[in-house]
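**Student:** Residues 599 to 854 in our numbering are what the sequence shown lists, from first letter to last. From the three backbone atoms N, C-alpha and C, an ideal C-beta is built for every residue, glycine too. Have a look at the structure that comes next, please.
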Amino acid sequence: MSPDQSSACHGCAQIPWAFSATSIPYNVSGVGYGLKLTGPILANIYLGHIKKWNDKRIRAINKGVSLPNENIVPIFRSDGSGTSYNFTDYLSHVSKEFKQKIGKGTQPSFKVGVGAKGSSGVAGKLKSTPGGITYVDVAYAYRNSFKIAKVRNRAGKFVVPSVRSIRASAATIKKVTSKNNAISIVDPPKSQPKAYPICTFTWVIVPLQTSKAPDLKRFINWAVTKGQPFGAKLLFVALPKPVQAAAKRTTARVHS
Numbered sequence: 599m600s601p602d603q604s605s606a607c608h609g610c611a612q613i614p615w616a617f618s619a620t621s622i623p624y625n626v627s628g629v630g631y632g633l634k635l636t637g638p639i640l641a642n643i644y645l646g647h648i649k650k651w652n653d654k655r656i657r658a659i660n661k662g663v664s665l666p667n668e669n670i671v672p673i674f675r676s677d678g679s680g681t682s683y684n685f686t687d688y689l690s691h692v693s694k695e696f697k698q699k700i701g702k703g704t705q706p707s708f709k710v711g712v713g714a715k716g717s718s719g720v721a722g723k724l725k726s727t728p729g730g731i732t733y734v735d736v737a738y739a740y741r742n743s744f745k746i747a748k749v750r751n752r753a754g755k756f757v758v759p760s761v762r763s764i765r766a767s768a769a770t771i772k773k774v775t776s777k778n779n780a781i782s783i784v785d786p787p788k789s790q791p792k793a794y795p796i797c798t799f800t801w802v803i804v805p806l807q808t809s810k811a812p813d814l815k816r817f818i819n820w821a822v823t824k825g826q827p828f829g830a831k832l833l834f835v836a837l838p839k840p841v842q843a844a845a846k847r848t849t850a851r852v853h854s
């Protein structure tokens, strides 16, 4: 939640309870799976500076790939979305210009491209748009058999989102210092060379005072412990221990 949202919520808490990644699928003529991209290149695409798939900056990191002289069509979520927040949080970390001109948010004001509502909307738009590129949760991308980009991390490695690379990103969290559990894990340090750089937690937002406190607390505590394995099919990985502990501490504050 933003500070304004937290204030308007009047006694809410946000609790991290799942962890996964945002993938970068594309629809480029003649280009197969695993096109290499970097954070700055993605930022420049969504800023409108890189307009063709055979741009020299994309060619430079994709030796041997036949890139077409095809227009790039950035596709974004037109509705409020945590996926948009994750994507723009990442781009704001890797590009000062993107941070200044667009910034991070659940419904950012992109200057170029086309919008579509929901994951199904951007998926449909990508399928029907030659030269398209978008961002969507990794399970949705795999379920739709999209071609997914390899994104360069801070260790200089190009990685795709997978259980292994998402877990490596999660391993960089050693403690939780934010009082409201606002944890950002994008662009993790190079100490984890296998980490995928566009990962995020998802949060449940709950009232701290409710007549259903006992049931609510049991459910959340189950979700952050015994419920974690159920996320594997959707490429969610287990919460890091420090995050699990922070979730439990916050849940303990819920009362009748």
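Near Gly729, which residues of its chain fall below 6 Å by C-beta distance, leaving aside the five closest residues on each side in sequence?
**Tutor:** Result list for Gly729: Glu668, Asn669, Ile670, Val671, in chain order.
**Student:** With burial defined as no fewer than 16 other Cβ atoms inside 10 Å of the residue's Cβ, what is the status of Gly701: buried or exposed?
**Tutor:** Per the 10 Å Cβ criterion, exposed.
**Student:** Exposed or buried, which one is Ile785 when buried takes at least 16 other CB atoms within 10 Å?
**Tutor:** Here residue 785 is Asp; the residue named in the question, Ile, does not match the sequence. Label assigned to Asp785: buried.
**Student:** On a Cα-Cα basis, can you pick out the residue from Trp820, Lys699, Ile656, Ser679 that is closest to Gln705?
**Tutor:** Answer by Cα proximity: Ser679.
**Student:** Kindly list the residues whose CB is nearer than 7 Å to the CB of Trp651, restricted to its own chain and excluding five residues on each side of it in sequence; keep chain order.
**Tutor:** Same-chain partners within the cutoff: Val626, Leu665, Pro666, Glu668, Ile670, Gly729.
**Student:** Among Ala619, Ala641, Lys755, whose alpha-carbon lies nearest the alpha-carbon of Asn684?
**Tutor:** The residue with the shortest Cα to Cα distance from Asn684 is Ala619.
**Student:** In the DSSP assignment, find the unbroken alpha helix (DSSP H) run with Val736 in it and report its ends.
**Tutor:** Note, Val736: alpha helix (DSSP H), 736-741.
**Student:** If you follow the beta strand (DSSP E) that Val802 is part of, which residue opens it and which one closes it?
**Tutor:** First-last of the beta strand (DSSP E) with Val802: 797-805.
**Student:** Which word fits Arg657, buried or exposed, when buried means at least 16 other C-beta atoms lie within 10 angstroms of its C-beta?
**Tutor:** Classification of Arg657: exposed, given that the 10 Å Cβ count is below 16.
**Student:** Find out if the Cβ-Cβ distance for the pair Ala768, Phe617 is shorter than 7 Å.
**Tutor:** Against a cut-off of 7 Å, the Cβ pair of Phe617 and Ala768 comes out as a contact.
**Student:** Sort Phe799, Gly632, Pro795 by Cα distance to Ile663 and report the nearest one.
**Tutor:** Sequence check: residue 663 is Val here, not Ile. It is Gly632.
**Student:** Look up Leu633 in the DSSP assignment and say whether it is helix, strand or coil.
**Tutor:** Of the three classes helix, strand and coil, the one that applies to Leu633 here is coil, per DSSP.
**Student:** Pair every Cβ in the stretch 634-643 with every Cβ in the stretch 599-619, then say whether three or more of these pairs are closer than 8 Å.
**Tutor:** Output reads no: the stretch 599-619 does not touch the stretch 634-643.
**Student:** Per the DSSP calculation, His691 is bridged to which residue(s)?
**Tutor:** Paired residues: none, contrary to the question.
**Student:** Check Phe817 in the structure and name its three-state DSSP category.
**Tutor:** If DSSP states are grouped into helix, strand and coil, Phe817 belongs with the helices.
**Student:** Counting Cβ pairs closer than 8 Å, one from the stretch 793-812 and one from the stretch 751-759, do we hit at least three?
**Tutor:** Cβ pair count under 8 Å is three or more, so yes.
**Student:** Using the beta-carbon count (16 or more within 10 Å), is Arg750 buried or exposed?
**Tutor:** Buried, because 16 or more other Cβ atoms sit within 10 Å of the Cβ of Arg750.
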